[in-house]
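Input: a single structure, listed below in structure tokens.
There are 2 protein chains.
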Amino acid sequence: MAAAPSTTPLLKDELDIVIPTIRNLDFLEMWRPFLQPYHLIIVQDGDPKKTIRVPEGFDYELYNRDDINRILGPKASCISFKDSACRCFGYMVSKKKYIFTIDDDCFVAKDPSGKDINALEQHIKNLLSPSTPFFFNTLYDPYRDGADFVRGYPFSLREGAPTAVSHGLWLNIPDYDAPTQLVKPLERNSRYVDAVLTIPKGTLFPMCGMNLAFDRELIGPAMYFGLMGDGQPIGRYDDMWAGWCTKVITDHLGLGVKTGLPYIWHSKASNPFVNLKKEYNGIFWQEELIPFFQSAALPKEATTVQKCYLELAKQVRAKLGKVDGYFNKLADSMVTWIEAWDELNPPKGAVATTNGPAKSK
Amino acid sequence: MAAAPSTTPLLKDELDIVIPTIRNLDFLEMWRPFLQPYHLIIVQDGDPKKTIRVPEGFDYELYNRDDINRILGPKASCISFKDSACRCFGYMVSKKKYIFTIDDDCFVAKDPSGKDINALEQHIKNLLSPSTPFFFNTLYDPYRDGADFVRGYPFSLREGAPTAVSHGLWLNIPDYDAPTQLVKPLERNSRYVDAVLTIPKGTLFPMCGMNLAFDRELIGPAMYFGLMGDGQPIGRYDDMWAGWCTKVITDHLGLGVKTGLPYIWHSKASNPFVNLKKEYNGIFWQEELIPFFQSAALPKEATTVQKCYLELAKQVRAKLGKVDGYFNKLADSMVTWIEAWDELNPPKGAVATTNGPAKSK
């Protein structure tokens, strides 16, 4: 009997999918054709006694709050509770080169021809081809089939830079803040923009964690989603915080960040009143945060993501501590996060010490 | 008899269309529904004795080399000959607030629904709505219908900046340099990207003059297309040069540059062998030009486009003169251009002196 032709999905053994959740993962049914070949890391938020149902056939490990506390000990304090920021624990326990993280209210979108979009495949394409952070290409991603660098693009820059982050977008419910949600409750994003582009060096952007992929080896330790939710004066700024830190560090290290394709279908707007309560400090603070990150400079000696991140933590304490005491606590957590990361991800040759495996299928 | 309903086209009396050409303007037939209401400034390149036929019904003025020499006198030396760079003479003699410039091998493109694209209407939309140069919006132009600023976009930046430039794109023949044309003779751009975006502050881009609009009052004197073509060691870098100077100045003055929609249909690839001959110095020099423009800083006292441009001319002489003697000549011409601009466009209250009118319909 002849063997069936092998169609191993791209990066099958080099990528983990991280999903933060408080509910049964029925949304995975729709993703089955695209995501089932990959390993899932589920970070269960909220009550650890609750059982989360995962559809049959998916390969996964699941961590609840008890697991996080057991594995990280006192350092578990850096992982948020009752906020999707907890997802970054999954980045830390993964041993793979790439991460794709997706929210459990995101479904498969369709392209303009009506075909289901394999979001992960597009993220992988984005991550495996270079970025162009040093000069703007007006025909968007020059590495895409049918595209190239346009006239006037310096040849010395056409090799591009390694891509660290692929930021995907959302059809249907756009990622608006609470005030915009309140003002435009019916606005839906129905425009499919067929482009991937590099966010230029020196430019900050609002990174959304709903549909995001990154190269863990290149940028993982910068993907800390901060202290949000339970016991904290802020929520819904977890991905923003990670994005601003990440962008400053990728710029410093000569790495690229792409945004655009792939789209997912964002099914449900969260409650704007609840969101406003979580966000109001952030809306105020971001006016200080953006100038801070725009002017943040990292020293030449900061040659690794960890060194960059610890330097950034120092600057957060020095410059944002006076905005609110919360930022001193956040700076502490940034340091704890790096300590925990290094403990679970020791330099090659050393041996990782964890307190035993989590639940897994 | 009842009057027909008036549908005055947008900015009818505030916009000139500038077309550089060496041939009869039959291409305008296809543009008639969109462009006929506007005034044309035709800059005839090459032999001034040749007669250029303009389709019936268009309102235009036409300048050939003899007119340019007569109007500018010795200062005519700053206007290129036998290169589409001559178009910038049209910017100088216009008295309107806005300019749209288009090449005579560009036709009306169709959107994905098959509808003819009114390129000028989209340029006007781009110019009349603000830009967002200080922070990147992942859903592209936030001022467009159905779009907005996403979560994490600082509210203090949502007013945006005045838009100085609208850079449109091309379907069919992409704007490639000669080496890329030679390597990919059959590549066509068939991807319609339904987006307009602001090129962030601090980021340079390759500006193409094929399908370009700008606010002459905000940025006109920076739109000098350099010394190219006849008697010069370089061609096909006219729009690039203008784009790099313009971007440094818009960044300094807090103005915005948009790229993306509208598309035109670029009908014919120019000869790559001829192009290579024009471009080869530029391909070499641009490796020096980009770092030069990336690091160019303008002093606080440079508060007008003219002052910025003269300062840039000084820096061109000081820093690029050693790359090639050509740049000293170019720096001289940049100064001459500003002198000629100010002569034809005296401060309000003063009276312009020209040497009589050009030919006009």
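In order, the protein sequence lines correspond to chains A and B. Under the numbering used here, residues 1 to 361 are what the first sequence spells out, in order. Under the numbering used here, residues 1001 to 1361 are what the second sequence spells out, in order. Glycine residues also receive a C-beta, built at the ideal position from the N, C-alpha and C atoms. All values derive from a computational prediction rather than experimental measurement.
Compute the minimum distance between the beta carbon of residue i and the heavy atoms of the ligand GTP, and state whether it is under 7 Å.
i                       : result
leucine 1289 of chain B : Absence of the ligand GTP from the depicted structure is noted, as is the absence of any ligand whatsoever, leaving it without description.
Have a look at the options and flag the residue whose alpha-carbon is nearest the alpha-carbon of residue i.
i                             : options                                       : result
leucine 261 of chain A        : A:Val248, A:Asn271, A:Val196 and A:Phe292     : A:Val196
leucine 40 of chain A         : A:Phe58, A:Met207 and A:Gly46                 : A:Phe58
aspartate 238 of chain A      : A:Met30, A:Leu15, A:Ser80 and A:Arg53         : A:Ser80
tyrosine 263 of chain A       : A:Asp111, A:Leu182, A:Lys96 and A:Glu279      : A:Asp111
glycine 1146 of chain B       : A:Phe89, A:Leu15 and A:Val183                 : A:Val183
glutamate 1287 of chain B     : A:Tyr280, A:Asn24 and A:Phe135                : A:Phe135
histidine 1252 of chain B     : B:Lys1082, B:Arg1216, B:Gln1306 and B:Tyr1326 : B:Gln1306
lysine 1096 of chain B        : B:Asp1215, B:Asp1103, B:Arg1087 and B:Pro1033 : B:Asp1215
phenylalanine 1284 of chain B : B:Tyr1091, B:Pro1179 and B:Gly1254            : B:Pro1179
lysine 314 of chain A         : A:Ala331, A:Tyr326, A:Asp67 and A:Leu127      : A:Ala331
alanine 161 of chain A        : A:Pro130, A:Pro33, A:Leu169 and A:Phe273      : A:Pro130
lysine 1319 of chain B        : B:Trp1341, B:Asn1345 and B:Gln1294            : B:Gln1294
glycine 278 of chain A        : A:Tyr326, A:Lys268 and A:Met228               : Correcting the residue identity first, residue 278 of chain A is lysine in this sequence and not glycine. The shortest Cα separation from lysine 278 of chain A among A:Tyr326, A:Lys268 and A:Met228 belongs to A:Met228.
threonine 1021 of chain B     : B:Leu1276, B:Val1316, B:Cys1106 and B:Tyr1140 : B:Cys1106
tyrosine 140 of chain A       : A:Pro200, A:Pro33, A:Asp67 and A:Pro291       : A:Pro200
asparagine 137 of chain A     : B:Pro1206, B:Glu1343, B:Leu1310 and B:Pro1346 : B:Pro1206
threonine 259 of chain A      : A:Glu311, A:Ile290, A:Trp170 and A:Pro272     : A:Trp170
threonine 250 of chain A      : A:Ile124, A:Thr163 and A:Gln181               : A:Thr163
proline 1291 of chain B       : A:Ser156, A:Tyr143, A:Tyr309 and A:Lys348     : A:Ser156
proline 1272 of chain B       : B:Tyr1091, B:Asn1069, B:Pro1185 and B:Leu1204 : B:Pro1185
Kindly indicate if chain A contains any beta-carbon less than 8 Å away from that of residue i.
i                          : result
leucine 1312 of chain B    : no
isoleucine 1219 of chain B : no
glutamine 1286 of chain B  : yes
asparagine 1189 of chain B : yes
histidine 1266 of chain B  : no
aspartate 1177 of chain B  : yes
isoleucine 977 of chain B  : Residue 977 of chain B cannot be examined here, being either before or after the span of chain B that is shown, 1001 to 1361.
methionine 1240 of chain B : yes
isoleucine 943 of chain B  : Examination of residue 943 of chain B is not possible in this model, given that chain B is present from 1001 through 1361 alone.
arginine 1151 of chain B   : yes
threonine 1180 of chain B  : yes
lysine 1012 of chain B     : no
threonine 1259 of chain B  : yes
lysine 1184 of chain B     : yes
glycine 1356 of chain B    : Note that glycine 1356 of chain B has pLDDT 45, beneath the 50 cutoff, so the model's placement of it is unreliable and the number below is only indicative. No, glycine 1356 of chain B lies away from the interface with chain A (no Cβ there is under 8 Å from its Cβ).
leucine 1015 of chain B    : no
alanine 1004 of chain B    : Note that alanine 1004 of chain B has pLDDT 47, beneath the 50 cutoff, so the model's placement of it is unreliable and no number is given.
Give me the DSSP bridge partner(s) of residue i.
i                            : result
serine 166 of chain A        : A:Ala213 and A:Lys258
alanine 161 of chain A       : A:Ser131
proline 20 of chain A        : A:Val43
phenylalanine 100 of chain A : A:Ile17 and A:Ala213
glycine 229 of chain A       : A:Phe81
histidine 1266 of chain B    : B:Cys1106 and B:Asn1172
valine 196 of chain A        : A:Gly260
tyrosine 60 of chain A       : A:Leu40
aspartate 1177 of chain B    : None, per the DSSP bridge assignment.
Does the beta carbon of residue i sit closer than 8 Å to a beta carbon anywhere in chain B?
i                         : result
proline 20 of chain A     : no
glycine 146 of chain A    : yes
lysine 362 of chain A     : Nothing in the structure corresponds to residue 362 of chain A, since chain A is present only between 1 and 361.
isoleucine 283 of chain A : yes
threonine 246 of chain A  : no
Next on the checklist: Taking 8 Å as the cut-off, does the segment 1327-1340 of chain B touch the segment 1221-1228 of chain B (at least 3 CB pairs, one atom from each stretch)?
Outcome noted: yes
Item to complete: Output, in sequence order along the chain, the residues in the segment 119-141 of chain A whose CB is closer than 7 Å to any CB in chain B.
Response: For the segment 119-141 of chain A, the set of residues with a beta-carbon nearer than 7 Å to any beta-carbon of chain B comprises Phe135, Phe136, Thr138, Leu139 and Tyr140, in chain order.
query: Does the segment 111-128 of chain A come close enough to the segment 235-251 of chain A that 3 or more CB-CB pairs lie under 8 Å?
result: no
- Task: Select from the segment 192-208 of chain A all residues with a C-beta closer than 9 Å to any C-beta belonging to chain B, and list them in chain order.
- Result: Tyr192, Val193, Asp194, Ala195, Leu197, Ile199, Pro200, Lys201, Gly202, Thr203, Leu204, Phe205, Pro206, Met207 and Cys208
Within 8 Å, do at least three Cβ pairs link the segment 1198-1216 of chain B to the segment 168-175 of chain A? no
By the 8 Å beta-carbon criterion, what residues does the segment 154-175 of chain A contribute toward chain B? Listed by position, the residues of the segment 154-175 of chain A near chain B (Cβ gap below 8 Å) are Pro154, Phe155, Ser156, Leu157, His167, Leu169, Pro174 and Asp175.
Cβ contact check for the segment 299-311 of chain A and the segment 178-195 of chain A: 3 or more pairs under 8 Å
no
Report task. Please confirm if the segment 148-155 of chain A is in contact with the segment 62-73 of chain A, defined as three or more CB-CB distances below 8 Å between the two stretches. Result -> no
**Asked** Looking at chain D, which residues of the segment 1325-1351 of chain B have a Cβ within less than 7 Å of any of its Cβ atoms?
**Response** In the structure shown, chain D does not exist; the protein chains are A and B.
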